[in-house]
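Have a look at the structure below, then the notes.
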Amino acid sequence: MRGEGGGLDSSPLFPTPIPESGGSSCRGAVVVAVGRGEKDLFCSLCSRSDDAGGILAEVRRQLWLAGPLIAVSLLHYSIQVISVMFVGHLGELPLSGASMATSFANVTGFSVLGYGAKQYHMLGIHIQRAMLVLLLASIPLAFIWAYTSQILMAVGQNPEISMEAGLYACLLIPGLFAYGLLQCYVRFLQTQNIVFPMLLTSGITVLLHIIVCWILVYNSDLGNKGAAMATTISYWINVLLLATYVKFSQACKKTWTGLSVEALHDILNFLRLAVPSAFMTCLEYWSFEMVVLLSGLLPNPKLETSVLSISIRVSNELGAGNPQAARLSVYAALIMAITEGLMVALITILVRHVWGYLYSNEEEVAKYVSVMMPILATSDFMDGIQCTLSGAARGCGLQKICSLVNLGAYYVVGIPSAILFAFVLHVGGKGLWMGIICALIVQVSILIAMMLCIDWNQEARKAKNRAYNFAITAEAI
């Protein structure tokens with residue numbers, strides 16, 4: 001089983017292949033499973049990408065598997081979104097503070113823990129090692145969150161917003177530890193293709209989160225502090241539900257045998273692999289959240305921060321399923337990405353006049369959101385294509401090149417362009433988002449050029465050899 005870096009994972013347990021339908025001559029050559037790395041999947045499918053029937057069959061086959069995972073991803077992310085929605089109706093300042101705190105937390109904590117766990121599909125003691133490392137990593141991150149307000153004011157953010165953000169971030173600290181454990185459990189179950197229990201527990205958690213948010217935000221004197229507390233409570237509820245399932249489920253009987261001191265071994269090797277890949281994966285994510293932090297430096301920081309945060313929450317929520325499409329063949333994935341992108345763009349434009357009111361009662365905020373939504377629609381469309389092409393490139397072993405493309409597109413072109421539009425040309429919040437679009441244009445252009453240069457026949461031959469070696473290894477095990 002190959003991980004993100006293309007190396008062989010230490011676990012001997014391979015996800016169960018999905019049976020082929022029909023009489024395809026490629027039967028047995030394609031192993032479609034969430035636990036497999038993108039490299040094996042993409043390369044093993046490219047030989048069939050010219051067959052329209054094969055593409056449609058592949059879309060159907062993957063949708064039933066990826067669909068629940070997309071739903072789980074959306075439900076996990078919606079916890080933060082729901083909290084911001086509740087806070088937004090308390091006023092512009094609480095919304096700005098919560099938005100700033102959420103973005104700061106994502107940059108300095110949640111993204112690091114989430115993507116750090118995502119790189120390794122480990123089982124048993126390996127997932128325990130991941131839990132230990134992420135819990136230890138949460139300690140210095142918690143100290144950073146404790147000084148959020150001081151850090152934000154030191155970089156020139158509005159003092160009022162910084163104080164609100166600092167208080168919000170402090171109350172999120174217990175949730176930071178839960179989030180690391182949650183990501184480990186998710187990868188542990190995902191590796192074994194155990195998807196529907198995650199969907200069920202995530203759905204229960206979100207329903208409870210709405211109730212807890214309503215009680216703590218509107219039926220107590222806590223206000224926006226209640227939303228932060230609700231987020232922390234919900235993360236721990238989700239962890240406890242998944243931990244209970246893993247402990248007592250027969251499906252995990254062979255892979256979870258209880259706590260072991262072996263998890264304390266080989267931690268340095270884990271870190272050598274986890275830190276670089278997590279850092280490079282976070283680069284793109286951070287650039288979006290940095291837009292919110294930059295918005296706090298604009299002339300009307302309360303309005304700009306509120307609207308930019310709403311825009312990014314919408315973008316991430318609607319686009320959260322895109323990486324799942326990167327598990328399809330290139331042609332099928334592009335068809336899905338373009339179709340989804342057009343649908344999302346249309347929906348975004350149609351709801352532009354009402355979407356802002358979900359987050360705030362302020363008419364000024366809602367009107368500004370309606371102006372931002374068409375720009376957001378363009379970004380979402382480009383991002384869908386970018387996700388698919390990035391997955392294809394990584395699937396063919398070009399992870400390092402993709403990392404350099406991300407670094408250049410977002411930090412050489414995107415962020416500088418955003419600063420130029422917003423602060424030099426005085427376009428405001430729209431300029432920040434236009435900078436992200438510039439980054440996406442550069443990223444997509446380079447990725448298309450890379451795809452045109454790939455020898456797909458050669459990649460297909462590599463995939464055939466890997467499938468043969470995989471079969472031999474599985475029989476030996």
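Using full-length UniProt numbering, you'd call the opening residue of the sequence shown number 1 and step up by one each time.
Think of the CB as a built atom: it goes at the ideal place given N, C-alpha and C, for glycine as much as any other residue.
So residue i and residue j are in contact, right, with Cβ under 8 Å, and what is the actual spacing, rounded?
i	j	result
residue 205	residue 173	Going by Cβ atoms, the distance from residue 205 to residue 173 rounds to 19 Å, so no, they are not a contact pair.
residue 372	residue 433	7 Å
residue 255	residue 190	Contact flag wrong, Cβ pair sits at about 12 Å.
residue 178	residue 246	With a Cβ gap of about 15 Å, residue 178 and residue 246 do not count as contacting.
residue 71	residue 241	So it is not a contact: roughly 16 Å between Cβ atoms.
residue 161	residue 82	Residue 161 to residue 82, Cβ: 21 Å. No contact.
residue 378	residue 437	6 Å
residue 439	residue 410	5 Å
residue 224	residue 168	6 Å
So the alpha helix (DSSP H) residue i belongs to, where does it begin and stop?
i	result
residue 514	What is shown of the chain runs 1 to 477, which leaves residue 514 out entirely.
residue 359	356–359
residue 206	196–213
residue 168	159–191
residue 126	125–146
residue 417	415–419
Considering only C-alpha positions, which residue in the set the options is nearest to residue i?
i	options	result
residue 175	164, 231 and 187	231
residue 441	383, 401 and 365	383
residue 389	221, 138, 444 and 432	444
residue 250	194, 385, 412 and 133	194
residue 226	139, 212 and 239	212
residue 340	385, 146 and 354	385
residue 170	228, 451, 221 and 379	228
residue 235	370, 387, 183 and 452	183
residue 338	208, 347 and 381	381
residue 186	423, 416, 68 and 393	68
residue 127	253, 356, 355 and 188	188
residue 218	364, 167 and 85	85
residue 347	406, 376 and 125	376
May I ask you to report which of helix, strand or coil DSSP gives residue i?
i	result
residue 383	helix
residue 426	coil
residue 220	coil
residue 484	The chain is shown from 1 up to 477; residue 484 falls before or after that span and cannot be answered.
residue 431	helix
residue 364	helix
residue 408	helix
residue 369	helix
residue 84	helix
residue 253	coil
residue 334	helix
residue 480	Shown here, the chain extends from 1 to 477; a query on residue 480 therefore has no answer.
residue 454	coil
residue 398	coil
residue 353	coil
Whole angstroms is fine: what's the gap from residue i's alpha carbon to residue j's?
i	j	result
residue 419	residue 408	16 Å
residue 79	residue 447	33 Å
residue 181	residue 429	35 Å
residue 165	residue 155	14 Å
residue 138	residue 374	38 Å
residue 353	residue 359	12 Å
residue 130	residue 74	23 Å
residue 449	residue 345	25 Å
residue 413	residue 400	19 Å
residue 426	residue 416	14 Å
residue 132	residue 268	12 Å
residue 369	residue 259	49 Å
residue 157	residue 392	39 Å
residue 215	residue 233	13 Å
residue 484	residue 404	The structure shown does not extend to residue 484, since the chain is modelled only from 1 to 477, so the question has no answer here.
residue 30	residue 435	Here the model assigns residue 30 a pLDDT of 30, short of 50, so the residue's position is not dependable and the matter cannot be decided.
residue 486	residue 163	Residue 486 lies beyond the residue range present for the chain, which begins at 1 and ends at 477; the question has no answer from this structure.
residue 252	residue 451	39 Å
Could one say the Cβ of residue i lies closer than 9 Å to chain B's Cβ atoms, at least one of them?
i	result
residue 360	This model lacks chain B altogether, as it is built from one protein chain only.
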